[in-house]
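>
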Amino acid sequence: MQVRVSSAQWQGSLKEGSGRMNLGSGAYTGPYSFGSRFESAPGTNPEELIAAAHAGCYSMFLSALLGKAGLVPTSIRTTAKVRLTNEPRIDLIELETEAEVPGLNNEDFQKYAQEAKLNCPVSQALAGPEIRLLARLMP
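Position in the sequence shown counted from 1, then plus 945, gives you the working numbering.
1) Can you find a CB in chain B that lies within less than 9 Å of the CB of T1030?
2) Identify every run of the alpha helix (DSSP H) within the stretch 1034-1065, keeping only runs that are complete inside it and at least 4 residues long; order them along the chain.
3) In the DSSP assignment, the beta strand (DSSP E) including K1026 goes from what residue to what residue?
4) From which residue to which residue does the alpha helix (DSSP H) around E1032 run?
5) Could you pull out every residue in the same chain whose Cβ sits closer than 7 Å to the Cβ of E1043, ignoring the five residues on either side in sequence?
6) Does DSSP put E1075 in a helix, a strand or coil?
7) Measuring alpha carbon to alpha carbon, tell me which residue in A1072, L1010, K1062 and G1001 is nearest L1049.
8) Note the first and the last residue of the continuous alpha helix (DSSP H) segment covering A998.
9) Quick one: any contact between the stretch 999-1010 and the stretch 949-965, if contact means 3 or more CB pairs under 8 Å?
Structure representation (structure tokens):
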């Protein structure tokens, strides 16, 4: 069983403070603030990191499903949009994926795409918000 660890440190008040987020692997360390989360100031935010994790997990899971069916994708590109409301609350995640998969028709692709949406580990972990998916099979 794999356990992945990341950390964050925050200093100061909500609006005037700031912090740093660190991935346990060391692949990313960066600042975050009220401005980077609720406005358009430089830095990252938790929702952006959730989106990256979801897009990466979904793409890998879709590839695994296709592989089990004897199909090898040339490319899978996924974007995840995480919507944070003013409450604040994450109420929507939109996945958009484009895949090039030789020998696969669109009807079957849609089935694999939906199965990956429901069953990738990050989708399961984030099952609270509605997760929408737009999937396109590219020629």
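C-beta: ideal position from N, C-alpha, C; glycine also.
Judging by the given coordinates:
1) Structure shown: chain B not included; a single protein chain is present.
2) Listed in chain order, the alpha helix (DSSP H) elements of length 4 or more contained wholly in the stretch 1034-1065 are 1051-1064.
3) Sequence index remark: in the sequence shown, residue 1026 carries index 81 (1-based). Counted as a single uninterrupted DSSP element, the beta strand (DSSP E) harbouring K1026 occupies residues S1020 to L1029.
4) Working through the sequence shown from its first residue, we reach residue 1032 at position 87. It is not in any alpha helix (DSSP H) - E1032 carries neither H nor E in the DSSP assignment.
5) On the sequence shown, residue 1043 is found 98 positions in, with the first residue counted as 1. The answer, listed in chain order, is R1022, R1081 and M1083.
6) The sequence position of residue 1075 within the sequence shown is 130, counting from 1. For E1075, the three-state secondary structure derived from DSSP is strand.
7) The residue given as residue 1049 occupies position 104 in the sequence shown. The residue with the shortest Cα to Cα distance from L1049 is L1010.
8) Taking the first residue of the sequence shown as 1, we reach residue 998 at position 53. Element bounds for A998: P991 to K1013.
9) Below 8 Å, too few C-beta pairs join the stretch 999-1010 and the stretch 949-965 to call them touching: fewer than three.
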